[in-house]
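Participant: Sending over a structure as structure tokens; questions will come in a sec.
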Amino acid sequence: MTNATHSGDAAFVEFEHVQKSYDGETLVVKDLNLAIGKGEFLTMLGPSGSGKTTCLMMLAGFETATNGDIRLGGRPINNIPPHKRGIGMVFQNYALFPHMTIAENLSFPLEVRKMGKNDRETKVKRALGMVEMEAFGGRRPAQLSGGQQQRVALARALVFEPELVLMDEPLGALDKQLREKMQFEIKHIADNLGITVVYVTHDQTEALTMSDRVAVFDDGRIQQLAPPDKLYEEPENSFVAQFIGENNTLMGTVDSINNNIAVVRLDGGELIDCKPVNVSKPGQRTRVSIRPERVEFNKSRIQAGAHTLKAEVLEFIYMGDIFRTRLRVAGNDDFIVKTRNAPDQKRLNPGQQLEIGWLPNDCRALDA
Amino acid sequence: MSDTTETGPMLAADGTPLKVSLNRALRRQKLRALALIAPLLLFVLITFVVPIGSMLFRSVENEIVRDTLPKTVAALKNWDPSLHELPGEPVYAALAADLKVAVEEKTHTKLGSRLNYENPGMSSLFRQIGRSVKKWDLATDAPFKEKFIEANKGWGDFSTWRTLKTYSPAYTNGYFLNAIDFEKGPDGIRQREGNQKIYVTLFIRTLWMALVIMGSCLLLGYPVAWLLANLPNKTANLLMILVLLPFWTSLLVRTSAWKVLLQQQGVINDVLIWLGFISDENRLVMINNQFGTIVAMTHILLPFMILPLYSVMKTIPPSYVRAAKSLGATDWTAFWRVYFPQSIPGIGAGAILVFILSIGFYITPELVGGTQGVFISNRIAYHISSSLNWGLAAALGTILLAAVMLLYWAYDKIVGIDNVKLG
Chain A
202 MTNATHSGDA
212 AFVEFEHVQK
222 SYDGETLVVK
232 DLNLAIGKGE
242 FLTMLGPSGS
252 GKTTCLMMLA
262 GFETATNGDI
272 RLGGRPINNI
282 PPHKRGIGMV
292 FQNYALFPHM
302 TIAENLSFPL
312 EVRKMGKNDR
322 ETKVKRALGM
332 VEMEAFGGRR
342 PAQLSGGQQQ
352 RVALARALVF
362 EPELVLMDEP
372 LGALDKQLRE
382 KMQFEIKHIA
392 DNLGITVVYV
402 THDQTEALTM
412 SDRVAVFDDG
422 RIQQLAPPDK
432 LYEEPENSFV
442 AQFIGENNTL
452 MGTVDSINNN
462 IAVVRLDGGE
472 LIDCKPVNVS
482 KPGQRTRVSI
492 RPERVEFNKS
502 RIQAGAHTLK
512 AEVLEFIYMG
522 DIFRTRLRVA
532 GNDDFIVKTR
542 NAPDQKRLNP
552 GQQLEIGWLP
562 NDCRALDA
Chain B
223 MSDTTETGPM
233 LAADGTPLKV
243 SLNRALRRQK
253 LRALALIAPL
263 LLFVLITFVV
273 PIGSMLFRSV
283 ENEIVRDTLP
293 KTVAALKNWD
303 PSLHELPGEP
313 VYAALAADLK
323 VAVEEKTHTK
333 LGSRLNYENP
343 GMSSLFRQIG
353 RSVKKWDLAT
363 DAPFKEKFIE
373 ANKGWGDFST
383 WRTLKTYSPA
393 YTNGYFLNAI
403 DFEKGPDGIR
413 QREGNQKIYV
423 TLFIRTLWMA
433 LVIMGSCLLL
443 GYPVAWLLAN
453 LPNKTANLLM
463 ILVLLPFWTS
473 LLVRTSAWKV
483 LLQQQGVIND
493 VLIWLGFISD
503 ENRLVMINNQ
513 FGTIVAMTHI
523 LLPFMILPLY
533 SVMKTIPPSY
543 VRAAKSLGAT
553 DWTAFWRVYF
563 PQSIPGIGAG
573 AILVFILSIG
583 FYITPELVGG
593 TQGVFISNRI
603 AYHISSSLNW
613 GLAAALGTIL
623 LAAVMLLYWA
633 YDKIVGIDNV
643 KLG
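This is the structure:
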């Protein structure tokens, strides 16, 4: 399913060469091309100002594309007003109407569709049941907690059975625990209903846990569009590598590239083997990226073919489920190693000298 | 808990009861707070509560008759006006004695003008008799009945005495009756003749025009407030200055500007003639009538509607309307079902402000209202400064105050005063 749009299925939502400028001088969205398959859960992830929310607003119809086409089910929607697009939307601050009760809030989209009273009541009840809020129909939004408001907002966006639902950082205002719980709930509801979801967030954990595919935005462009595992393990450029998860970087220069192995001379003088991702010729500056959990210092566990480097322990941080150790490696004082708090796990002491190792495949030579 | 049940009231560390100790600790704070607001409290007391109180009192106060003519009032006690006969010699003698004193103290003319409000002609009656009484000798010149009637046959008129009798008590409802177009006739309280009924009409007109002005302020102000709240800051600031500009201009200047615009030889008529919409003979009459008052006052009071509306609209996040649209509502439905209900506190505040301000407006109706466009306040001002009938002015003012309070109460019942947000 994640590859729906690659495998030739007709895309449900399509952005084609979409550009957006607010002031006529700078582009907020630069040439966006994106195809979203039916039933897909796609997340737009990026720092604030990266253009992700603008893309969502263009899809919802609240912003007009300066250039390019947006299609929904094959139909261009650039000139269709928002209320005729039939797209459900969950807003960052929920936007529940404060002067209406929860049931009235949910009934609103059905009323404007001129649905009969009985049908409305059935649907409202069903939608509230879906988010386990049946008992709250008579309350006002202000009488609910943040998490409850969030559920109601979700139910309201779904009650008129849209095929596409947009969510603009819907969990941003919740505390961590509730947020994690809601992530799964939203995901399950979306899967059960088979709806297409476009989700905007700046929280990478949220993006990784919920999505079929993630589009990482920066500077008005999609930096990488991939399923979560691919995104995390095979970032295509250093922005994505930095933005998704924790990342160790070592600066260096490409020495040679052969058989899909790049030899990089680090600024400290060491030579290491890396997987060339976006370096092509010797002499290029590169940023080598290694995930902290892919680094091993336990001699017995360092696999054959692993690359080893000398390191000095600077700091040991106990974090409960994991240990976080800060090392000095090849002149970098911020080299982090994460290890699981297993019974046989060693705790390192500051000042300790040791050898660390990783597989060349986990070490990616990216743009500088 | 168990401490209190065993030892009675809670005690502080030094053994005094906790409540006493707490009060003592808070007393200093309370005194300091009181000292801080004392200047304002005094100011409000002296410039607001006292004048209003004295004004309210004036609307029923009538001690002048009793104070000026004490003996006459006492003598009149036994006189029954329903017999339609003139009082006897003792009353005239008492009046002569009272007037002798009053003329010396020069209070008889004041009494004359007071009674003139009730019975026109009384003023000259008292002024004239004052001159005669001076020459009389109380001891030798009796009987006085003939002398009075000889001096002015008004004193032989039954209605003169009836007025004196009616207004001899220290307190009267006469001013209030007057203010609602009633009078004390020979057979009790009765409504005034058709052409003398002015105050009820004026009250109704004042309320009606205040409502119209409030309505037109709302119609004109709502879109402006919406623009102010939704435009980008730079443009909104410019617009805000345009809204506030009238605030910084003198009320008189603005009213005079409307005079220039609206009069028959004025700018608007000239432009309409130039454009060919009306002919020179049919110039529109837009001033010195209700239309002029409504236009000028709407303009003057508009900021009082726009500002509370703006401050409320500023707090309505745009995501509500967006949410409504995403749920399938048309622009109109989104506005009417979602945006408008949330702007009601602003409408309430603006409407109350404009209504109450316009009900007591004075300068503008005076200048552009002509005869048909004046308010009750203009009549009050007339009685305060020209006719000097302060009692009637006070009664009119009291009724106006009561009407406003009644409307406020009704508004609270219907809309709820909690739903009003001034900023």
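Residue numbers (the working numbering), protein chains in the order written: chain A, 202 to 569; chain B, 223 to 645.
Idealized CB from N, CA, C, for every residue including glycine.
These numbers were taken from a predicted model, which means no experiment stands behind them.
(1) Report yes or no: is there a C-beta of chain A within less than 7 Å of the C-beta of B:L458?
(2) In chain order, what residues of the same chain have a beta carbon less than 8 Å from the beta carbon of B:V543, not counting five sequence neighbours either side?
(3) In angstroms with no decimal places, state the Cα-to-Cα distance between A:A212 and A:T397.
(4) Do A:D430 and A:M452 come within 7 Å of each other at the CB atom, strictly closer than that value?
(5) Quick check on B:V266: does DSSP put it in helix, strand or coil?
(6) For A:L355, does the count of other Cβ atoms within 10 angstroms reach 16, so buried, or fall short, so exposed?
(7) Count the other CB atoms, across all protein chains shown, that sit within 10 Å of the CB of B:M535; report buried if there are 16 or more and exposed otherwise.
(8) Within 7 Å of any Cβ in chain A, is that where the Cβ of B:K547 sits?
(9) Going by C-alpha to C-alpha distance, which of B:F279, B:A364, B:R427, B:A297 sits closest to B:Y393?
(10) Based on DSSP bridge pairs, tell me the residues matched to A:I576.
(11) Give me the chain A residues within the contact set of B:G410, using Cβ-Cβ distance strictly less than 8 Å, ordered along the chain.
(12) With three or more beta-carbon pairs closer than 8 Å as the criterion, would you say the region 312-327 of chain A touches the region 564-577 of chain B?
(13) Across the region 342-353 of chain A and the region 361-376 of chain A, are there enough close Cβ pairs to call them in contact, namely three or more that are closer than 8 Å?
(14) For A:R357, which residues in chain B fall below 9 Å Cβ to Cβ?
(15) Could you tell me whether the Cβ atoms of A:L567 and A:R488 are closer together than 7 Å?
(16) How would you list, in chain order, the residues of chain A whose beta-carbon sits under 7 Å from the beta-carbon of B:S501?
(17) Touching or not, the region 437-456 of chain B and the region 521-532 of chain B, by the rule of three or more beta carbon pairs under 8 Å?
(18) Using a Cβ-Cβ cutoff of less than 8 Å, which residues in the same chain neighbour B:D553 once the five nearest sequence positions on both sides are dropped?
(19) So if DSSP puts A:R525 in a beta bridge, which residue, or which two residues, is it bridged to?
(20) What is the DSSP secondary structure of A:G453, counted as helix, strand or coil?
(21) Quick check: the region 505-522 of chain B against the region 469-488 of chain B, are at least 3 beta-carbon pairs closer than 8 Å?
(22) Along chain E, which residues have their Cβ under 8 Å away from the Cβ of A:I288?
(23) Excluding five sequence neighbours on each side, which residues of the same chain lie with their C-beta closer than 6 Å to the C-beta of A:T267?
(24) Answer yes or no: do B:S281 and B:T620 have a C-beta to C-beta separation smaller than 7 Å?
(25) Which runs of the beta strand (DSSP E) at least 3 residues long sit entirely within the region 335-406 of chain A? Give them in chain order.
(26) Starting from the Cα of A:K388, find the closest Cα among A:K377, A:L409, A:Q378 and give me that residue.
(27) How would you call A:F337, buried or exposed, if buried means at least 16 neighbouring beta carbons within 10 angstroms?
(28) With 16 as the cutoff for other CB atoms within 10 Å, does B:H605 come out buried or exposed?
(29) Going by alpha carbons, who is nearest to B:T362 out of B:F404, B:A319, B:A324?
(30) Is it a yes or a no for the region 533-540 of chain A touching the region 431-450 of chain A, going by three-plus beta-carbon pairs under 8 Å?
(31) Can you find a C-beta in chain A that's less than 7 Å from the C-beta of B:Y444?
(32) Can you round the beta-carbon distance between B:D403 and B:Y389 to whole angstroms, since I take them to be within the 8 Å contact cut?
(33) Does the region 252-272 of chain A touch the region 285-301 of chain A, meaning 3 or more C-beta pairs lie closer than 8 Å?
(34) Can you list the residues of chain B that A:A266 reaches, using a CB-CB cut of under 8 Å?
(35) Report the option in A:E215, A:P436, A:A543, A:E362 whose CA atom is closest to the CA atom of A:I390.
(36) Measure from the alpha carbon of A:A296 to the alpha carbon of each residue in A:N279, A:G317, A:A343, A:T540, then state which is nearest.
Facilitator: Taking the geometry as given:
(1) First, the amino acid is wrong: residue 458 of chain B is Ala here, not Leu. Answer no: the Cβ-Cβ gap between B:A458 and chain A never drops below 7 Å.
(2) The residues are A556, F557, V560, Y561.
(3) If you take the alpha carbons of A:A212 and A:T397, they lie about 11 Å apart.
(4) no
(5) helix
(6) buried
(7) Label assigned to B:M535: buried.
(8) yes
(9) Distance check between B:Y393 and each of B:F279, B:A364, B:R427, B:A297 places B:F279 closest, using alpha-carbon atoms only.
(10) Outside the shown range of chain A, which is 202 to 569, sits residue 576 of chain A, and nothing can be said about it.
(11) What B:G410 touches in chain A: nothing, since even the nearest Cβ is about 55 Å away.
(12) no
(13) Using a Cβ-Cβ distance cut-off of 8 Å, the region 342-353 of chain A and the region 361-376 of chain A are in contact, since at least three pairs of beta carbons, one from each stretch, lie closer than that value.
(14) A545, L549
(15) yes
(16) Result: empty, since nearest Cβ-Cβ is about 47 Å, beyond 7 Å.
(17) yes
(18) Once the five neighbours on either side are set aside, the close Cβ partners of B:D553 are K547.
(19) A:I518, A:K539
(20) strand
(21) yes
(22) Absent from the structure: chain E. Protein chains present are A and B.
(23) Q220, K221, S222
(24) yes
(25) 365-369, 397-402, all fully within the region 335-406 of chain A.
(26) A:L409
(27) buried
(28) buried
(29) B:A319
(30) yes
(31) no
(32) About 19 Å; that fails the 8 Å criterion.
(33) Contact between the region 285-301 of chain A and the region 252-272 of chain A is present, with at least three C-beta pairs closer than 8 Å.
(34) Within chain B, no residue has its beta carbon less than 8 Å from that of A:A266; the closest one is some 17 Å off.
(35) A:E362
(36) Of the candidates A:N279, A:G317, A:A343, A:T540, the one whose C-alpha sits nearest the C-alpha of A:A296 is A:A343.
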